[in-house]
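Residue numbering for the sequence shown is 82 to 503, as defined by the working numbering. Single-structure report; data block below.
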Amino acid sequence: MRVLIVGSGGREHALAWKIDQSDRLTKLYCAPGNAGTAGIAENVNIDAEDLPGLLDFARQQSIDLTIVGPEDPLCAGIVDLFTGAGLRIFGPSSGAARIEGDKAYAKQFMKSAAIPTAEARIFDNYEQAREYVATRDCALVVKASGLAKGKGVLVCSEPAEALLALDKIMIEKQFGAAGDKVVVEERLSGPEISIHALVDGRNIYVLEPTQDHKPIGEGDTGPNTGGMGAYSPAAILDESTMRQVCSEILVPAIDAMTRRETPYKGVLYAGLMLTAAGPKVLEFNCRFGDPEAQVLLARLQTDLLDVIEAVIDGNLEHITLDWDRRAAVCVVLASEGYPGAYLRRKPISGLDPAGELEDVVVFHSGTAQAQGRIVTNGGRVLGVTALGEDVSAARDLAYRAAGMIDYNGVFYRKDIALQAIS
Ligand code: AMP
Ligand code: GLY
Numbered sequence: 082m083r084v085l086i087v088g089s090g091g092r093e094h095a096l097a098w099k100i101d102q103s104d105r106l107t108k109l110y111c112a113p114g115n116a117g118t119a120g121i122a123e124n125v126n127i128d129a130e131d132l133p134g135l136l137d138f139a140r141q142q143s144i145d146l147t148i149v150g151p152e153d154p155l156c157a158g159i160v161d162l163f164t165g166a167g168l169r170i171f172g173p174s175s176g177a178a179r180i181e182g183d184k185a186y187a188k189q190f191m192k193s194a195a196i197p198t199a200e201a202r203i204f205d206n207y208e209q210a211r212e213y214v215a216t217r218d219c220a221l222v223v224k225a226s227g228l229a230k231g232k233g234v235l236v237c238s239e240p241a242e243a244l245l246a247l248d249k250i251m252i253e254k255q256f257g258a259a260g261d262k263v264v265v266e267e268r269l270s271g272p273e274i275s276i277h278a279l280v281d282g283r284n285i286y287v288l289e290p291t292q293d294h295k296p297i298g299e300g301d302t303g304p305n306t307g308g309m310g311a312y313s314p315a316a317i318l319d320e321s322t323m324r325q326v327c328s329e330i331l332v333p334a335i336d337a338m339t340r341r342e343t344p345y346k347g348v349l350y351a352g353l354m355l356t357a358a359g360p361k362v363l364e365f366n367c368r369f370g371d372p373e374a375q376v377l378l379a380r381l382q383t384d385l386l387d388v389i390e391a392v393i394d395g396n397l398e399h400i401t402l403d404w405d406r407r408a409a410v411c412v413v414l415a416s417e418g419y420p421g422a423y424l425r426r427k428p429i430s431g432l433d434p435a436g437e438l439e440d441v442v443v444f445h446s447g448t449a450q451a452q453g454r455i456v457t458n459g460g461r462v463l464g465v466t467a468l469g470e471d472v473s474a475a476r477d478l479a480y481r482a483a484g485m486i487d488y489n490g491v492f493y494r495k496d497i498a499l500q501a502i503s
């Protein structure tokens, strides 16, 4: 099978690494990929958002299956374009992907489907948003409604901070047009969990729970990022809460999408907070999380091509996923300055010895090749991922490997997965 992966992050390297293990694979391309995918696939210099360019390439190269990693091309309609052209592609249509691409829509969607989520108000008028915030005396979260690479959510402790957040999003336009509309919602509290489900339009198959670490700083401080580390399994989710997540969140969401004539196909990711009043949705995403994909795919033993084909063909009921019973931990190595402006083009050392450790995979995110060397090329640079008998062992190994890698401006959180073992 000739496969094209769209995207260039750690999630896409993990997808490529997993698919490379399939007996059914004959040729693997990544567009545009990174220095890590270059080792196992042929990188093609087409941007993940160049939809016509990707379609031309898939036609010319007789691609049998295209797998889309990031949300931007999904929200822009890559699946509609490819399926319209008779090509097989994994991911939701743009109508279904709107659940991630438009947070205001997602809020209304959840409300109409009675899916538990934070109480919220939506504004496209700055003055009205200010007036509303000024009348509140509770902690609020201000979210740019559009896509902002995980950074457009500002968690505030008091209304004064929420007013500043409105300025950043609506006046300074720190997230561009994504901030034309905002969602202002009550701040919830409780542990967070990421639930991924495969959905074939009808059937839902829930994957192993994972936990992400969104803020940049240790102890969950500082601004939000795309994710600074993850681990799986996440034992915090007991069986009865998992059943509640399925019956109160996943099933109503999939049913509502079908009723709206945007049936869901692909990976549905629900970011949840386990509040005292039960699990509530913080966000839906229309694809695998990054770095959640790194720990999930490190543990998945079933052929991913079989799984993806079952989703596309509506045959999920015939699939059983086998998981490595061991735990996986991924520590993200970032560039100084991230999630703001960051250093680039810094040569990376220690990749080989770290990657040669048994049960360690170093997934690349923002990396590139320059003059025969691998250099940094993004805010999140690497996802050092390790398997171990339990979360504690996997964590020790991931940090051992991370400590072998160096570049100018390297930094990472030292408390990834700590909450799972202390
Ligand atoms: P989101 O991209 O909407 O998942 O938000 C990113 C992060 O912001 C989440 O992982 C939470 O840590 C935090 N967050 C979002 N919404 C809320 C909320 N209503 N209450 C508390 N924290 C939130
Ligand atoms: N790690 C969070 C996300 O992928 O949205």
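Here a beta-carbon is modelled for each residue, glycine too, at the ideal position from N, C-alpha and C. Predicted, not measured: the structure shown is a model, and the values here were computed from it.
Coarse secondary structure for residue i, derived from DSSP in three states
i    : result
T198 : strand
C111 : strand
T343 : coil
M354 : strand
F163 : helix
S321 : helix
G517 : Nothing about residue 517 can be reported from this structure: the residues present for the chain run from 82 to 503 only.
H294 : coil
L424 : coil
L38  : Missing from the structure shown is residue 38; the chain here goes from 82 to 503 and no further.
C156 : helix
G120 : helix
K224 : strand
V125 : coil
R217 : coil
S473 : helix
A451 : strand
Y207 : helix
R268 : coil
R83  : strand
Y286 : strand
For residue j and residue i, the rounded distance between their alpha carbons
i    : j    : result
S505 : P296 : This structure leaves residue 505 out entirely; the chain is present only between 82 and 503.
P314 : D131 : 36 Å
P360 : V149 : 29 Å
P434 : A215 : 55 Å
G469 : E320 : 23 Å
G90  : G436 : 18 Å
V332 : I285 : 8 Å
Q255 : L235 : 12 Å
A351 : E273 : 10 Å
K184 : A220 : 19 Å
T164 : R211 : 43 Å
D218 : A241 : 10 Å
G257 : I250 : 8 Å
Q500 : A166 : 47 Å
I180 : Y213 : 25 Å
I100 : L385 : 6 Å
Residue i Cβ short of 7 Å to the ligand GDP heavy atom set
i   : result
E93 : No copy of the ligand GDP occurs in the structure displayed; its ligands are the ligand AMP and the ligand GLY alone.
First through last residue of the beta strand (DSSP E) which encompasses residue i
i    : result
C327 : First-last for C327: undefined, no H or E at that position.
F444 : V441 to H445
A379 : No beta strand (DSSP E) contains A379, which is instead part of the alpha helix (DSSP H) from E373 to R380.
P360 : G359 to N366
Boundaries (first-last residue) of the alpha helix (DSSP H) holding residue i
i    : result
G395 : Element bounds for G395: n/a, residue is neither H nor E.
S275 : Counting along the chain, S275 falls outside any alpha helix (DSSP H), though it belongs to the beta strand (DSSP E) covering E273 to D281.
R454 : Where R454 is concerned, there is no enclosing alpha helix (DSSP H), although the beta strand (DSSP E) it sits in stretches over R454 to T457.
A139 : L132 to Q141
Y493 : Y493 -> no alpha helix (DSSP H), and no H or E assigned at all.
Short Cβ contact (8 Å threshold) for residue i with residue j
i    : j    : result
A311 : D293 : yes
C327 : E152 : no
G395 : G282 : yes
R92  : K108 : no
L162 : L146 : no
R461 : S446 : yes
C411 : V376 : yes
A225 : V263 : yes
K346 : V287 : no
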